[in-house]
Structure formats: structure tokens, C-alpha cells
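Residue numbers (the numbering used here), protein chains in the order written: chain A, 1 to 218; chain B, 1001 to 1218.
Take a look at the structure:
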């Protein structure tokens, strides 16, 4: 394999990662949409897309392994592939959390929501952007963009705390809301964990670009 | 490098992973101990050990890269190194969570605890065992042990729910406990996330041994 051919393989790999990433973004959006609209069909789609995400993880891992085994890439290229390997693991975990959210949709079913969902969809949008930005930062090796993801993570943490406080007040005022409030808290917590994984990816990117190990997630 | 020399390198790698793992176990134990005893010196130790954990992650990643680049290992050996790469990322995240717990110790300081801590230390012990077992399963390529970790994860989830309910009751009875109860809830959640990472490792082991992708963490 010539150098340029290796570069092409690396580009293919990155395209696949972006594709996997957009499936993950889509699943995050749909999981929260299924909850807000109480739409079980959308929830079902989330479970199905999750299978594609898992398959893509396995494929991309295989590609990474094959590239390393057949190419003995050096230094930077090797680290880029090493990062890919960790990134798809993070993406796959994000997919798991969107499935957890869709399960809440199923659990709540047709019971009326205890409150209109406003902050959770906002969190979901922020989180989707974090996923996209972290992957764009990886492909473009853009440290600044990676750091912006860490800042967005603080916003998500703030929203999570706000949701927590609101639900706590609801539960205290009316203990019959406890069941569903706990479920919604779990959704908020899942979104926050997805944000943490996007932050992991960004930390990886910063290490890749600068060699510095940073903790954005503090 | 001869085959046997490669095997020796692989064994060294596994020893380092176990060493990193035992630092992580220690930090989990000490973080919860610092909280239960309200001992800021132990909390400080957790922060220090975290630095060693981060250093070990970087070293083991380097070793993995070097082994792959210089050896072109095939099939099983390659997958074993690929798993190592993912395992140390999981271990490092666990270290982060023990730091989060030690931060709670600092935040609570000398304020009296709102309840004696019983379930959190129990969770911590369970979680430590999960970490140890998941790594032993990796080294021994023991699928059965890996599956047992998935079962232990269910116990941790149960304890987390129990802690959640208890703290909720406390908060409802006495809103002045909300601040600290929220902190303790955060600790319980951190332990549960550590357990999730041990479960990730076990899923990796099962994939390594059997080629099957399983979700133990459902």
C-alpha cells in the first residue's frame, strides 16, 4: 500500500466515524423527541438504529486493526488511529444512553407527563452539537473546537442541575409524581453522560493535536 | 523481536494493567472512606494517586502503540492489545469518578453527615470487586468471570436505587438536608458509573474471548 493509499484509508475511516456520529446524534434527538411527544414508534426506531451503531463500531474497529496490522503506521498516524479506536467506543456508549432514554418513553407510555418537557429537549440539542463538534474537531484536528466542547459540557451540567432541582420540588409538592420524576431525572442524567463522552472525545483530540493530557470534565 | 519476546511484552503489558487497576481500586476505596470518616487527608491522597493513574494510562497506551507498530501482531494478539487500549481508558475514567467522590468529601468538610453511611461503602466494595474481576477476566480470558461482573452490576444498580429512595425521603422530611443529600446522591451515581465502566471491560473481554458483542449493562 502506498503512502497516498494509506492516507485514503485514513480518510475513509474518518468518514465512517462521522457517519457513525451522525447516527448517534440522530438517536439522541429521536430518543428525547419520543419522550416529549410520547411517541412509541419513534422510540422503536431508536432501538433499531442502535443496532446499526453497534455494527458500525465493530466495523470501524476492524478497519483500525487492519490498518495498523498491514501498515505499521508511525507516530502521528498511529495516534490518529488509536484515537479512532477510543472515539468509536465513546460513540457506542452514547448510543446506549439514547436507548435508555427511549426505554423511559416506553415505561411512561400513555401516562400524562408531570410537566411539559422544555429543558430536556434543550439539553438534547446542546449534547448533539457537542457530539458533532467533537468529531469535527477530531477530523480537522482543531484544538480550539475541542476546547469549546468542554465549555458546552459546563452548560449541560448546569441544565442537569436545574432539571434536578425542578423535579425535586415537584416530588416534594406531590409525592405521586415521584415515579415519573425519577424517570425524567434518569433521562437528564443520561444526557449528561452523553455530554461526558463527547468531552472524552475532545480530550482525546487535544492529546492528539498537542500531546497534552487535559481534563475538560471537571 | 522473537515470538517469545513478544509474549513477554504482552505479559508485561497485562501486569501493568493489573497494577493500574489496583491503584484504581485503592482510590475507589479511599474516596468513600474519606467521605465516611470525613477525613480530608485521605481525600488528598486520592487526588495524588489520580496523577499516577493518569501517568500509567499514558504509559500503557504508548506500550500498546509500540507493540503494534513494531510487531504487526495478528488476529488474537492484535485484539488483545486493542482491548488493552480500551480497558485503560475505562480505568482512567473510574479514577476520575473517585476524584469526584473525594471532592464531595472536601465540600461536606466538617458539617455533620445527614445519615451514617452504610450503603455507599457497601457499593464501593462491590464496585472494587467488579474492577478486579473484570481485569482478572481479561488476563485469564475468562468469559464466565466477565459475565459475573455483569450480574454484580445489577446489584450495584439496585443499591443505587435504594440509596436514591432513602435520600429522597430524607429530603422530603427535612428540606435542609437537600444540599448534602444531593451530594451523596452524586456519590452513589459516581459509584454506579464506575460499575458501568467495569461492565464495559467485561463486555470487551467477552468479545475478545468469544467474538460476541454483548450488552451486560441493560
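Glycine included, each C-beta is placed from N, C-alpha and C at the ideal position.
With respect to chain A, the C-beta atom of residue 1006 of chain B has no partner C-beta closer than 8 Å. The beta carbon of residue 189 of chain A falls within 8 Å of a beta carbon belonging to chain B, placing the residue at that interface. In its chain, beyond the 5 residues on either side, 23, 26 and 27 have a beta carbon closer than 7 Å to the beta carbon of residue 49 of chain A.
In this structure, the beta-carbon distance from residue 1194 of chain B to residue 1087 of chain B does not fall below 8 Å.
Listed in chain order, the alpha helix (DSSP H) elements of length 4 or more contained wholly in the stretch 1143-1194 of chain B are 1143-1173.
For a Cβ distance threshold of 8 Å, residue set 68, 72, 73, 74 and 78 of chain A lies close to residue 1069 of chain B, ordered along the chain. Of the candidates A:13, A:116 and A:90, A:116 places its Cα closest to the Cα of residue 36 of chain A. Less than 8 Å separates the beta-carbon of residue 129 of chain A from that of residue 152 of chain A. Residue burial is scored here from C-beta neighbours: residue 1175 of chain B has fewer than 16 other C-beta atoms within 10 angstroms and is therefore classed as exposed. For residue 1139 of chain B, the CB contacts under 7 Å within the same chain, skipping 5 residues up- and downstream, are 1014 and 1018 in chain order.
Per the coordinates, the alpha-carbon of residue 71 of chain A lies some 45 Å from the alpha-carbon of residue 1044 of chain B.
Proximity of the stretch 1055-1069 of chain B to the stretch 73-80 of chain A meets the contact definition, three or more beta-carbon pairs being nearer than 8 Å.
Neighbours of residue 1085 of chain B in chain A, taken as residues whose beta carbon is under 8 Å from its own, are 82, 85 and 86 in chain order.
Those residues of the stretch 34-55 of chain A placed with their C-beta closer than 8 Å to a C-beta in chain B are 54, ordered along the chain. At least one CB of chain A lies nearer than 8 Å to the CB of residue 1168 of chain B. For residue 1118 of chain B, the three-state secondary structure derived from DSSP is coil. In this structure, the CA atom of residue 1108 of chain B is about 45 Å from the CA atom of residue 1009 of chain B. In the three-state scheme derived from DSSP, where H, G and I count as helix and E and B as strand, residue 56 of chain A is classed as helix. Counting along the chain, the unbroken alpha helix (DSSP H) around residue 90 of chain A starts and ends at 75-108.
Taken through DSSP and simplified to helix, strand or coil, residue 111 of chain A comes out as coil. With contacts defined as CB atoms closer than 8 Å, residue 191 of chain A and residue 155 of chain A fail to qualify as a contacting pair. Of the other Cβ atoms in all chains shown, fewer than 16 fall within 10 Å of the Cβ of residue 1051 of chain B; this residue is therefore exposed.
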